[in-house]
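Enquirer: Just so you know, we're using the numbering used here here: the sequence shown kicks off at 514 and counts up by one.
Take a look at this one; I'll ask things after.
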Amino acid sequence: MPVIAIADIFGISGRRSELLDVLTRTEQRARRQPGARRYTFAARLDAPDELVLVSEWDSYEAMASYHRSEEFARYQFELDGLLARPSEMTIYSVSEIVRPVPSGPLDPRDAD
């Protein structure tokens with residue numbers, strides 16, 4: 514059963530560029546892990562030092578395997594001194610996946 518994990522990451526103001534470097538490398542490494550469907554960091558619009566991780570995995574076991582990996586240990590080591598407080602993660606089990614299909618062509622006036 515697929516799982517989605519969402520984590521809030523709280524960076525230290527003034528060290529954002531260092532944190533973004535770590536997160537960029539982590540995205541690239543994590544996406545190559547077996548069972549990884551998505552692994553994406555994004556900044557909050559109203560608080561740029563607070564970031565969100567959205568990761569999607571084929572199974573809980575695939576995600577857990579990554580969390581036990583050398584790659585994940587490296588990520589945690591590289592975060593040292595870059596976070597204001599520990600990250601907070603929620604994991605969701607997915608029983609059904611639906612990808613909506615547009616009902617018709619996009620009206621160019623609605624594109625903005």
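Just so it is clear, CB atoms sit at the ideal spot from N, CA and C, and this is done for glycine as well.
1) Tell me which same chain residues have a C-beta within less than 7 Å of the C-beta of TRP570, skipping the five on either side of it?
2) In terms of alpha-carbon separation, which member of THR603, TYR579, TYR588, PRO618 lies closest to ARG545?
3) Which residue from SER616, GLY617, LEU595, VAL611 puts its Cα closest to that of SER535?
4) Taking the alpha carbon of ALA560 as the point to measure from, which residue in ILE522, ILE610, GLU540 has its own alpha carbon closest?
5) Tell whether a beta-carbon distance below 8 Å holds between THR603 and ILE519.
6) Starting from the N-terminal side, write out each stretch of the alpha helix (DSSP H) that is 4 residues or longer and does not extend beyond the region 543-614.
7) Any idea which residues DSSP pairs ILE522 with across the strands?
8) How should SER616 be labelled, buried or exposed, when 16 other C-beta atoms within 10 angstroms of its C-beta is the threshold for buried?
9) ASP562 and ARG598 look like a contact to me (Cβ under 8 Å); what is the Cβ gap, rounded to whole Å?
10) Pull up the CB-CB distance for LEU564 and ALA556, whole angstroms please, since I reckon it's below 8 Å.
Expert: Based on what the coordinates show:
1) Closer than 7 Å at Cβ, skipping near neighbours: PRO515, VAL516, GLY548, ALA549, ARG550, MET576.
2) TYR579
3) Residue identity check: residue 535 is Val in the sequence provided, not Ser. Looking at the Cα atoms, LEU595 is the closest of the given residues.
4) ILE522
5) THR603 is a Cβ neighbour of ILE519, given a cutoff of 8 Å.
6) 573-580, 583-591
7) Answer is LEU564.
8) exposed
9) Their Cβ separation, rounded to whole angstroms, is 11 Å, which puts ASP562 and ARG598 out of contact at 8 Å.
10) 5 Å
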